[in-house]
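One rule links them: number in my numbering = place in the sequence shown (from 1) + 34. Yeah, the Cβ is synthetic: ideal placement off N, Cα and C, and Gly gets one too. The structure appears right after this line, and notes come after that.
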Amino acid sequence: GAAKALLGKAALPDDLPWVTGPIGLLGTKPSYELMTECDTLLVVGSGFPYSEFLPKEGQARGVQIDLKADMLSLRYPMEVNLVGDSAETLRALLPLLNERPDPAWRERIARWNTAWRDTLAERAAAKASPGRGVNPQRVFTELSPRLPDDVILTSDSGSCANWFARDLMMRRGMMASLSGGLASMGAAVPYAIAAKFAHPVRPVIAMVGDGAMQMNNMAELITVAKYWRQWTNPRWICMVLNNEDLNQVTWEQRVMEGDPKFDASQQIPNVPYHRFATLLGLQGIYVDDASQLGTAWDQALAADRPVVLEVKTDPEVPPLPPHVTLQQAKHFAQMLMKGDAREHNVIVETARQVLSAVLPGNGEHRGKSDS
């Protein structure tokens, strides 16, 4: 099986049954399971820093390939360290591999993947409560099958990066990136502009939260308005999740520290981003109903000019990690005891997300019974 660091999301297509998707806090449950049962770890060109998501020390034999010698054995104790170009080194190693005729392990990984995608689909299909906007996961699951084969994707930091990581299925030929080093906010639209100048024929989609949009990405739209007529293909989309919240940090405070949402630092103004786009001569689309999402994405992908697609989303849908630890559960309970003004909505949405992975009839349940 193969798991991918977030910056390597496009390195392998997700339609391969042995590819489990991203690893880490923004990763998938199959990637977590893969590392839990791993007995041989091959790390290729990655400095993935979160060792808690790797096999426990002593569990797996390790081999690492990297151009930089100082990266070798930095995150995990490797038995074999190879300095060199990843592609050339892998080609040299392939003849040394022995064929494994027993397909049981790979079939098990495929079942994990099927179960996980069923879980994602069920989570995305859950309707937000009236007046709270659209389930943000639905925004991404509606886009995923519509992605053009040659699309370039960029994501900002924040809760949108969770849905970008888990709910978009990459296919061969696609490109994708985000601020994967420092997780700096405000990178998605500049990345998308650079991508369009580098590849003017390819469609580009930036995914942004409203916090990052207000920091600098709105101003970057002025650059788009200035140059888009020079692009061979005008298809360029900025999708904004408008939940009036610095949502990733809100959930980090709840789960990591056990603190309720602190409105003074977390709540942000409600800005009509789609109208700002129209003022610049771009196309603006606004969605606050999940049933409109498919049509909205179709309109944006067929537009004759750059588009800002603004979606009013529910801030109480939790960006759950692939595995909830006991400590995180304790902090979540502490937050509820301290009193969160949105306590009812938080409990309902969190329970809905968790139960989608364990209730009978769900894909994850079926996957476990098959293994």
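| Check | Outcome |
| --- | --- |
| Mind checking who TRP270 pairs with in its DSSP beta bridge? | VAL238 |
| Do you know how far the Cα of PRO83 is from the Cα of ASP49? | 26 Å |
| Go through its chain and collect everything with a Cβ distance to ALA337's Cβ below 6 Å, but skip five positions before and after it. | GLN317 |
| Give the secondary structure of GLY55 by DSSP, where H, G and I count as helix, E and B as strand, and everything else as coil. | strand |
| Tell me the rounded alpha-carbon separation between LEU131 and GLY35. | 15 Å |
| Is the separation between the beta-carbon of ALA275 and that of GLY243 shorter than 9 Å? | First, the amino acid is wrong: residue 275 is Leu here, not Ala. The answer is yes: Cβ separation under 9 Å. |
| Report the partner residues of VAL342 according to the DSSP bridge assignment. | CYS272, GLY318 |
| Locate the alpha helix (DSSP H) running through LEU76, then write down its first and last residues. | Unbroken run through LEU76 is the beta strand (DSSP E), 74-78; no alpha helix (DSSP H). |
| Whose CA, out of LEU68, LEU280, LEU59, lies closest to the CA of GLU141? | LEU68 |
| Please look up how many angstroms separate the CB atoms of ALA138 and VAL117, rounded, as I've assumed it's under 8 Å. | Actually they are not in contact, since the Cβ atoms of ALA138 and VAL117 sit about 35 Å apart, beyond 8 Å. |
| Any idea what DSSP makes of ALA45, helix, strand or coil? | coil |
| I need the straight-line Cα distance from ARG205 to LEU46, nearest angstrom please. | 8 Å |
| Please report the residue range of the beta strand (DSSP E) in which SER120 lies. | Counting along the chain, SER120 falls outside any beta strand (DSSP E), though it belongs to the alpha helix (DSSP H) covering 120-127. |
| With 16 as the cutoff for other CB atoms within 10 Å, does VAL321 come out buried or exposed? | buried |
| Give the DSSP bridge partners of THR448, in chain order. | As shown, the chain starts at 35 and ends at 405. That puts residue 448 outside it, with no answer to give. |
| Out of LYS38, ALA37, ALA44, state which residue places its alpha-carbon closest to the alpha-carbon of GLY207. | ALA44 |
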